[in-house]
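S.K.:
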Amino acid sequence: MAEEKQVHHVVKSKSMVTTEIDLDKELLKIPGLSLLETDLAEFILQEDDWDEPTHIVFPTLHKNRNQIRTIFQKLGYTGDNDPQHLARFARKYLRASFLKADMGITGCNFGVADSGLINLVTNEGNADLVMAIPKTQVVVMGMERLVPSLKEAEVLDNMLARSAVGQKLTSYCSFSTRQVSGESDGPEDFYVVIVDNGRSNALGTPFEPVLQCIRCGACLNVCPVYRHIGGHGYGSIYPGPIGAVLSPVLRGYEQFGDLPFASSLCGACTETCPVRIPLHELLIKHREVMMNKLHTDKSFNNVIMKGIGVATSTPAMFRMALTADHVAMAPLTKHAPITVENEYPEGIIRKAPSMAKGWTDVRDLPEMPKHSENFRSWFKQHHKEQEAKQDD
Ligand code: SF4
C-alpha cells in the first residue's frame with residue numbers, strides 16, 4: 002500500500018504489535034521510503050541502531066541519560082545530559098518529520114466495535130500528531146483489542162493508566178476514525194489492520210485469558226526474575242511474566258519453551274494484574290503441556306524434579322537431603338583463602354557436573370553450609386535461647 006500510494010515519509014507512534022511483526026524493517030526495504038518512530042523511547046531505540054525494547058511501557062528502561070546523550074550527539078545534539086534538554090531536542094527534531102509525513106502508523110489500545118473508533122492513550126501526544134497530519138493513516142491492532150462500546154473502553158483506559166504509570170488518566174486519551182463526510186479534517190485514507198499472528202492459538206485453550214492483557218506492564222514491575230535480568234534476557238519483545246505466557250502461545254514451544262521455566266512462581270504477577278490473568282497458573286500450565294503433550298515427561302530434568310519432590314516431601318526427608326547435599330558437594334569444593342576477590346570462607350564450587358555445569362561455567366557457588374551450621378540449626382538454637390531468656 003505504501004508503494005502504491007507513493008509514500009516517502011512515514012511517522013509512527015509506539016506500537017508493540019508492529020514491533021512484533023517487524024513492520025518497520027519491512028517498510029524500510031521499500032526504496033526511497035523513510036520512517037521515523039516518534040515515541041521518545043522508540044525514537045531513541047531507532048537511533049541506537051534499532052536496539053530492542055526492554056519493557057512494554059518503558060522501552061528504554063535499560064538506558065541512562067548519558068547513553069541517550071551519546072545517541073543524540075550523532076544527530077547533532079551538543080547539550081548536557083539533563084532529561085529536559087534531551088527531550089526538547091527530540092521534540093524539535095521530530096516536529097519537522099511530522100510536518101512532511103505522508104503516512105502515519107499507530108497501534109491501538111482499544112478498538113470500539115459499535116462506533117469504529119480507535120482509542121489511543123499516550124503521555125507525549127505524538128500519536129495525536131501521527132493521526133492528525135498525514136493524509137494516509139494506518140492503524141495496526143491486535144485482534145484481542147476490540148471492546149464492545151465506549152463504556153468498556155473507558156474502564157480499561159482507566160485501569161491501563163493506573164497500572165502502567167500510576168495516573169488516573171494519561172495526558173492524551175484520543176479517539177479517532179476516518180474522515181467524516183462533509184468535514185475537512187481527518188485522514189483521506191484510513192486503514193485498520195487487525196492482526197492475529199498466533200493469537201487465535203489461545204482460543205478455546207486454558208491460555209485464552211492471556212488475550213485479556215491490556216499491556217500495562219505491571220506484572221513486569223513486580224516480577225523478581227524480570228527485575229534481576231531485565232527485558233533483553235527473554236529474547237521476545239514481550240518480556241516478564243506476560244511475555245513468558247504469551248510468547249509460547251504466539252510462536253510455539255520450540256522458540257520460547259524455556260520462558261515458562263524462568264519463573265519462581267511467587268504469584269506476584271497474578272496478584273498485581275488489573276485484568277486478573279492467572280499468570281503464574283498459566284506458567285505452570287505451559288510446563289504441564291510441555292511435559293505431557295511433548296512427551297518430555299521422562300526427561301532427565303523431570304527425573305531430577307521428581308527426586309527433589311520426594312526429598313522435600315516430609316521434614317525428615319528434607320533434613321536428610323540437606324545433610325546428603327553437603328556430603329555430595331564436598332568433592333567439588335575448593336577451599337580457597339579468604340581474599341577481597343573470594344568472599345566465601347567455606348569454600349567454593351567452581352565446576353559442577355552435568356546440567357549444573359551451565360551455572361558454574363559463569364559463576365562460582367558458595368559451598369553448602371554443614372547441617373550443624375545451617376539456618377535451621379541456627380534457628381533451633383536461637384529459639385531455645387529466646388525461650389530460656391523468657392523463662393528467666
Ligand atoms: S498480564 Fe496483566 S499485569 Fe501483565 S501487562 Fe498484561 S494486563 Fe498488565
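Last residue of the sequence shown? That's 393 in the numbering used here, and every number before it is there in order.
Where is the CB? At the ideal position from N, CA and C, for every residue including glycine.
1) Output yes or no for whether 9 Å exceeds the beta carbon distance between Arg288 and Phe262.
2) Measuring straight from C-alpha to C-alpha, what distance separates Met318 and Gly199?
3) Is the beta carbon of Ile309 within less than 8 Å of some heavy atom of ligand 1?
4) Give a single yes or no on whether Cys267 has its beta carbon closer than 8 Å to a heavy atom of ligand 1.
5) Relative to ligand 1, is the shortest distance from any of its heavy atoms to the C-beta of Val276 smaller than 8 Å?
6) Hey, how far is the Cα of Tyr1 from the Cα of Pro32?
7) With the cut-off set at 9 Å, would you say Val58 and Val166 are in Cβ contact?
8) Can the beta-carbon of Thr196 be found closer than 9 Å to that of Ile119?
9) Does at least one heavy atom of ligand 1 sit under 8 Å from the Cβ of Ser182?
10) Out of Cys109, Lys75, Gly105, which has the shortest C-alpha to C-alpha gap to Asp190?
11) For a test of your reading of the model: does the CB of Pro84 fall under 8 Å from any non-hydrogen atom of ligand 1? Yes or no.
12) Count the other CB atoms, across all protein chains shown, that sit within 10 Å of the CB of Leu76; report buried if there are 16 or more and exposed otherwise.
13) Tell me the residue span of the beta strand (DSSP E) that contains Phe176.
14) Measure the alpha-carbon distance for Cys270 versus Val223 and round it to whole angstroms.
15) Assuming contact is defined by CB atoms lying nearer than 9 Å, are Leu41 and Pro54 in contact in what I supplied?
16) Output the distance between the C-alpha atoms of Pro149 and Leu212, rounded to the nearest integer angstrom.
17) Exposed or buried, Thr71, counting other C-beta atoms within 10 Å across all chains shown (16 or more means buried)?
18) Would you check whether ligand 1 has a heavy atom nearer than 8 Å to the C-beta of Gly108?
19) Kindly indicate which three-state DSSP category Ser248 falls into: helix, strand or coil?
20) Could you check the C-alpha separation between Gly268 and Leu170 for me, to the nearest Å?
21) In the DSSP assignment, the beta strand (DSSP E) including Tyr192 goes from what residue to what residue?
22) Could you pull out every unbroken beta strand (DSSP E) segment of at least 3 residues lying fully inside the segment 91-153, listed in chain order?
23) With a threshold of 8 Å, establish whether the CB of Ile57 neighbours any heavy atom of ligand 1.
24) Are the beta-carbon atoms belonging to Leu151 and Val122 less than 9 Å from one another?
25) With DSSP run on the structure shown, which of helix, strand or coil describes Ile349?
26) Starting from Val12, trace the beta strand (DSSP E) in both directions and tell me its first and last residue.
27) Considering only the beta carbon of each residue, do Cys109 and Gly143 sit closer than 9 Å?
28) By the three-class DSSP mapping on this structure, what secondary structure does Glu38 have?
29) Do you know offhand how far Gln256's Cα is from Glu184's?
30) Can you tell me whether Thr313 is helix, strand or coil according to DSSP?
31) How many angstroms separate the CA atom of Ile69 from the CA atom of Met17?
32) Does the separation of the CB atoms of Leu283 and Pro207 fall below 9 Å?
33) Go through the segment 15-85 residue by residue and report every complete run of the alpha helix (DSSP H) that reaches 4 residues or more, in order.
34) Determine the extent of the alpha helix (DSSP H) in which Ala389 is found, giving its start and end residues.
M.R.: Based on what the coordinates show:
1) Less than 9 Å divides the Cβ of Arg288 from the Cβ of Phe262.
2) Going by the C-alpha atoms only, they are around 45 Å apart.
3) Checking the Cβ of Ile309 against ligand 1 gives no.
4) Annotation for Cys267 indicates a beta carbon at 8 Å or more from all heavy atoms of ligand 1.
5) The answer is yes for Val276.
6) It is not possible to answer for residue 1, since the shown part of the chain is limited to 2 through 393.
7) Going by C-beta atoms, Val58 is nearer than 9 Å to Val166.
8) First, the amino acid is wrong: residue 196 is Val here, not Thr. Between Val196 and Ile119, the C-beta spacing is not below 9 Å.
9) Ser182: no, Cβ never under 8 Å from ligand 1.
10) Minimum Cα distance to Asp190 is reached at Gly105.
11) Answer for Pro84: no, Cβ out of range of ligand 1.
12) Counting every other CB atom within 10 Å of its CB across the protein chains shown gives Leu76 a total below 16, marking it as exposed.
13) DSSP places Phe176 in the uninterrupted beta strand (DSSP E) bounded by 173-177.
14) Whole-angstrom Cα-Cα distance: 6 Å.
15) Not in contact: Leu41 and Pro54 (Cβ atoms no closer than 9 Å).
16) Between the alpha carbons of Pro149 and Leu212 lies a gap of roughly 15 Å.
17) Label assigned to Thr71: exposed.
18) No, Cβ of Gly108 sits at least 8 Å from all heavy atoms of ligand 1.
19) Helix at Ser248.
20) The alpha-carbon atoms of Gly268 and Leu170 are separated by roughly 27 Å.
21) Tyr192 -> beta strand (DSSP E) spans 190-196.
22) Listed in chain order, the beta strand (DSSP E) elements of length 3 or more contained wholly in the segment 91-153 are 104-107, 111-113, 118-123, 137-143.
23) Ile57 Cβ: within cutoff of ligand 1.
24) At a Cβ-Cβ threshold of 9 Å, Leu151 and Val122 do not count as neighbours.
25) The three-state reading of DSSP puts Ile349 in strand, counting E and B together.
26) Residues 10-13.
27) In contact: Cys109 and Gly143 (Cβ atoms closer than 9 Å).
28) Residue state, collapsed to three classes: strand.
29) Distance between the alpha carbons of Gln256 and Glu184: 49 Å.
30) In the three-state scheme derived from DSSP, where H, G and I count as helix and E and B as strand, Thr313 is classed as coil.
31) Put simply, the backbone Cα of Ile69 is about 21 Å away from that of Met17.
32) For Leu283 and Pro207, yes; Cβs fall inside 9 Å.
33) Note on the segment 15-85: whole alpha helix (DSSP H) runs with a minimum of 4 residues are 17-21, 24-28, 41-48, 66-74, in chain order.
34) Note, Ala389: alpha helix (DSSP H), 376-392.
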